[in-house]
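Novice:
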Amino acid sequence: MRKPTKESELNTEPIGQNLIKLISNLCFSVFVLSVLIFTAIAITYQPPDPWLESAPSLTKLFTQTENATFKIDDSIVKTGEDLVSSPVPAIPPALAPNPITETDDSIVKTGEDLVSSPAPAIPPALATNDSVVKTGEDSVSSPVPAMSPVLATNDSVVKTSEDSVSSLAPAMSPVVAPNPVTKTNDSVVKSGKESKSSLAPVMSPALAPNPVTKTNDSLVRTGPAPAPATSLALAPTPIVETEAKSPKSDCEELKHVNCSDPQVLRAIKKFNSKTFKSIVILEYQTPVNGSKPDECDVAWRFRNKKERSWRKYRDFRRFEFGIGVNCTYRVIHTGRWHSGINARRPWIRPNPKFTRPIRDEEINNTIPTLPETNFRKGKYLYYARGGDYCKGMNHYLWSFLCGLGEAVYLNRTFVMDLNMCLSATHSSSHKDEEGKDFRFYFDFEHLKETASVVEETEFLRDWKKWDKGHKRKVPLKKIKSYKTTPMQLKKDKSTIIWRQFDGPEPDNYWYRVCEGQAAKYIHRPWHTIWKSKRLMNIVTEISGRMDWDFDAIHVIRGEKAQNKQLWPNLDSDTSPNAILTKLQQLVQPWRNLYVATNEPFYNYFDNLRSHYKVHLLDDYKELWNEASEWHNETTLLNGGKPVEFDGYMRAVVDTEVLYRAKTRVETFYNLTKDCKDGINTC
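In UniProt numbering, the protein residues as written are 1 to 682.
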């Protein structure tokens with residue numbers, strides 16, 4: 001095959017390229033030309049917009065009349081001296097067998113009213129005659145343009161200055177309308193010297209056997225105003241006038257309070273929002289009758305703004321009502337905490353012989369159980385009892401949360417022992433006391449909701465039951481030392497990881513597992529630990545009895561006040577006279593003052609009672625005595641054995657009430673210059 005020469009290549013390529021360029025240039029030229037033509041048309045074209053035309057076009061637009069269906073004739077404003085006379089077109093009779101209903105609302109006339117002012121005529125079409133505004137000196141007689149009788153709306157008529165001698169209402173052409181006609185004539189206001197004669201159009205007497213109902217609300221006239229003349233054509237039609245009911249009779253009915261009335265609950269909500277600003281009321285129950293006709297009892301559920309948890313508490317109070325502005329209910333007095341006994345829910349006294357776990361709507365301390373089939377599918381972390389047993393509560397929580405944090409890191413269920421040992425520092429016998437329950441001090445229900453836990457007794461029973469019923473035992477891995485880090489157990493597939501703490505102190509403390517490098521991976525889940533709901537109910541009761549409006553002082557004495565080496569000034573700085581001197585600078589006199597203290601002598605603070613309303617924890621012993629709800633529930637939880645309200649419980653209640661005070665005075669940093677942990681530790 002012969003190859004083309006270089007000369008033929010040079011002659012062929014320019015022809016194709018030039019053709020492509022020619023076509024592209026042609027297309028682009030057409031596009032540019034079309035854009036120019038469109039732009040020129042858009043600039044030079046002027047639509048027949050009447051607003052842009054001359055004055056004759058505007059005059060024609062406003063003066064032309066149309067007879068179109070569904071046409072709305074908006075208000076006409078006339079100023080200056082209008083025409084001298086304007087006849088009113090007559091209204092021929094129309095077939096209107098259906099009743100006509102007319103409502104004449106609030107007609108207010110000021111100045112010299114008309115000598116004769118008959119009611120306006122109602123055409124048999126659906127028309128609403130609202131006010132037409134006229135300003136300046138109106139004409140002697142101003143005709144209103146006629147409108148099509150179908151669905152026409154004529155807006156408001158307001159006359160100011162000197163009105164005409166004769167003002168005639170608009171007349172509408174008749175239409176055979178079998179449907180009822182409804183007309184509303186809203187507020188016609190006339191001011192200045194009005195005309196002496198105002199004739200209304202006459203209504204045809206054709207077929208109007210049904211009565212006309214007329215409601216005349218708030219008719220106010222000033223100056224001479226004779227009664228309007230009524231056409232003979234309307235004589236057989238009776239007019240019924242109704243007046244608004246006097247509010248005095250309504251107010252008399254409110255003397256006997258209807259507690260189910262929504263206004264009652266509305267008044268209570270308004271009162272509580274202004275009075276109890278430190279709590280958030282979540283829901284109300286329907287008020288019920290109190291002991292008197294003007295009293296109502298109501299219960300509500302609330303939470304405290306200073307509490308991190310979203311627990312709900314209950315209160316029920318009695319309210320006394322009076323009559324406020326515009327015949328509304330007004331709270332004039334409220335009872336104390338839990339004074340509305342009629343709104344209290346019925347409480348069933350528990351049976352002391354009933355030893356099963358408590359099942360309550362608000363407190364659920366039931367121990368979770370697993371079906372036998374699910375036991376093998378789970379993964380567990382089991383901590384044996386170590387040296388943390390019978391230590392202080394802070395030590396216990398530090399170790400417990402270490403084990404729970406490791407279980408969260410390993411994605412396992414933590415096996416916990418609900419049995420606790422109370423340290424001698426919080427016991428009345430000053431000795432370690434075993435047999436305490438975790439649920440006495442902490443919220444087990446919240447712990448179950450926020451972490452995967454199982455009780456030790458239930459776990460061991462399921463474990464033994466599985467091993468007896470199956471030849472293949474549950475895979476188990478024992479850890480002898482805390483030095484085996486959680487990171488090394490991350491990929492372990494054993495069903496149970498059993499940590500044993502058999503060494504001497506401090507190697508047998510649980511929290512040693514979370515030390516060193518493990519501290520970077522193990523995070524203690526503090527959000528899972530809440531104080532017991534039963535103890536918090538006592539806190540709420542004490543705060544509620546003071547109406548959530550109190551101040552508090554925290555006085556630490558006891559062993560620290562006796563130790564002069566570490567706290568040399570604490571004893572003298574917390575004496576009654578020194579405390580009173582300091583309080584007078586910080587707290588206003590005769591305020592509710594709650595004293596949170598570990599001072600065992602009750603009368604130690606009697607010096608403060610001459611200046612403040614002093615409240616101590618021992619003033620509320622009925623909240624945990626043998627007849628209290630707390631005593632009954634803890635006894636039932638403890639298998640029928642009474643539970644002592646120990647020192648740690650007292651410290652919890654004192655601290656929580658202190659946190660809810662509006663003004664808090666602390667021992668350290670307020671009462672004394674000594675350091676909290678001793679000399680040279682500030």
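Note that the Cβ used here is the ideal one computed from N, Cα and C, for glycine as well.
The structure presented is a predicted model; accordingly, all values stated were derived computationally and were not measured.
Can you say whether ALA561 is buried or exposed, counting buried as having 16 or more other CB atoms within 10 angstroms of its CB?
Specialist: The residue in question, ALA561, is buried, as its Cβ has 16 or more Cβ neighbours within 10 Å.
Novice: What whole-angstrom Cβ distance do ASP388 and SER399 have, given they're in contact under 8 Å?
Specialist: About 4 Å; that satisfies the 8 Å criterion.
Novice: For ASP677, count the other beta carbons within 10 Å of its own beta carbon; 16 or more makes it buried, fewer makes it exposed. Which is it?
Specialist: Counting Cβ neighbours within 10 Å, ASP677 comes out exposed, since fewer than 16 surround it.
Novice: Of all the options THR540, PRO600, ILE679, which has the alpha carbon lying nearest to the alpha carbon of LYS306?
Specialist: Selected option, being the one with the closest Cα: THR540.
Novice: GLY435 by DSSP, collapsed to three states: which one?
Specialist: Note: GLY435 maps to strand in three-state DSSP.
Novice: Leaving out the 5 sequence neighbours to the left and right, which residues in its chain are closer than 7 Å to PHE438 when beta-carbon positions are compared?
Specialist: Cβ neighbours of PHE438 beyond the five flanking positions: LEU418, MET420, PHE444.
Novice: Helix, strand or coil: how does DSSP classify GLN17 here?
Specialist: Of the three classes helix, strand and coil, the one that applies to GLN17 here is helix, per DSSP.
Novice: Would DSSP call PHE645 helix, strand or coil?
Specialist: Coil at PHE645, not helix or strand.
Novice: Grouping DSSP H, G and I as helix and E and B as strand, with all else coil, what is THR635?
Specialist: Note: THR635 maps to helix in three-state DSSP.
Novice: Where does ASP138 land, buried or exposed, given buried means 16+ other C-beta within 10 angstroms?
Specialist: Because ASP138 carries a pLDDT of 44, less than 50, the predicted location of this residue cannot be relied on, and the following value inherits that uncertainty. Result: buried.
Novice: Can you grab the Cα-Cα spacing for the pair VAL280 / PRO600, in whole Å?
Specialist: Cα to Cα, the separation comes out at about 35 Å.
Novice: Could you tell me the distance, in whole angstroms, from the CA atom of CYS682 to the CA atom of LEU570?
Specialist: Spanning the two alpha carbons is a distance of roughly 14 Å.
Novice: With hydrogens ignored, establish whether the beta-carbon of VAL32 is closer than 7 Å to any heavy atom of the ligand NAP.
Specialist: Questions concerning the ligand NAP fall outside what the structure shown contains, since it holds no ligand whatsoever.
Novice: In or out: LYS340 buried (at least 16 other Cβ within 10 Å) or exposed?
Specialist: Looking at the sequence itself, residue 340 is Gly, so the reference to Lys does not match. It counts as buried.
Novice: Using the rule of at least 16 other Cβ atoms within 10 Å of the residue's Cβ for burial, across every protein chain shown, is LEU381 buried or exposed?
Specialist: Buried, by the Cβ-count rule.
Novice: According to DSSP, is LEU254 helix, strand or coil?
Specialist: Reduced to three states, the DSSP call for LEU254 is coil.
Novice: Does DSSP put ALA121 in a helix, in a strand, or in coil?
Specialist: With a pLDDT of 43 at ALA121, under the threshold of 50, the modelled position of this residue cannot be trusted; read the value that follows with caution. Residue state, collapsed to three classes: coil.
Novice: When the Cα of LEU616 is compared with those of ILE37, HIS338, TYR604, LEU282, which residue comes out closest?
Specialist: The option with the nearest alpha carbon to LEU616 is TYR604.
Novice: Could you give the distance in angstroms between the alpha-carbon of residue 686 and the alpha-carbon of THR369?
Specialist: One cannot answer for residue 686 here, as it falls past the ends of the chain, which runs 1 to 682.
Novice: Using a Cβ-Cβ cutoff of less than 6 Å, which residues in the same chain neighbour PRO475 once the five nearest sequence positions on both sides are dropped?
Specialist: Cβ neighbours of PRO475 beyond the five flanking positions: SER494, THR495.
Novice: Going by C-alpha to C-alpha distance, which of LEU489, TYR409, SER428, ALA267 sits closest to ALA451?
Specialist: It is TYR409 whose Cα lies nearest to the Cα of ALA451.
Novice: For THR672 and THR574, what's the separation of their Cα atoms in angstroms?
Specialist: Distance between the alpha carbons of THR672 and THR574: 8 Å.
Novice: If you follow the beta strand (DSSP E) that GLU295 is part of, which residue opens it and which one closes it?
Specialist: That run of the beta strand (DSSP E) goes 295–304.
Novice: Would you give the residue range spanned by the beta strand (DSSP E) that MET420 belongs to?
Specialist: 419–422 is the extent of the beta strand (DSSP E) around MET420.
Novice: Can you tell which of ARG344, TYR602, PRO589 has its C-alpha closest to the C-alpha of ASN289?
Specialist: Comparing Cα positions, the closest option is ARG344.
Novice: Which two residues bound the contiguous alpha helix (DSSP H) that contains TYR396?
Specialist: First-last of the alpha helix (DSSP H) with TYR396: 393–410.
Novice: Indicate whether the contact test is met: 3 or more Cβ pairs, each with one atom in the segment 313–326 and one in the segment 293–304, closer than 8 Å.
Specialist: Because the criterion of three Cβ pairs below 8 Å is met, the segment 313–326 and the segment 293–304 touch.
Novice: Thinking residue 763 and VAL454 are a contact (beta carbons under 8 Å), I'd like their distance in whole angstroms, please.
Specialist: This structure cannot settle anything about residue 763, because the visible part of the chain is limited to 1 through 682.
Novice: Could you pull the start and end residues of the beta strand (DSSP E) that HIS554 belongs to?
Specialist: Looking at the DSSP string, the run of the beta strand (DSSP E) that includes HIS554 is 551–555.
Novice: DSSP state of ASP363, grouped into three classes?
Specialist: Note that residue 363 corresponds to Ile in the displayed sequence, not to Asp. ILE363 falls in the coil class under three-state DSSP.
Novice: To the nearest whole angstrom, what separates the beta carbons of ASP462 and PHE375, a pair I think is in contact under 8 Å?
Specialist: Confirmed, Cβ separation roughly 5 Å.
Novice: Confirm, please, whether the CB-CB distance from PHE442 to ILE529 is below 8 Å.
Specialist: Yes, Cβ-Cβ distance for ILE529 and PHE442 is below 8 Å.
Novice: When DSSP labels each residue in this structure, what does ASN537 get in the three-state scheme?
Specialist: Helix.
Novice: If we ignore side chains and look at the alpha-carbon of each, how far apart do ASN577 and LYS621 end up?
Specialist: About 27 Å.
Novice: Taking only three categories from DSSP, how would you classify PHE501?
Specialist: Of the three classes helix, strand and coil, the one that applies to PHE501 here is coil, per DSSP.
Novice: Is it the case that the Cβ atoms of ASN304 and SER273 are separated by a distance below 8 Å?
Specialist: Cβ distance not < 8 Å, so ASN304 and SER273 don't count as in contact.
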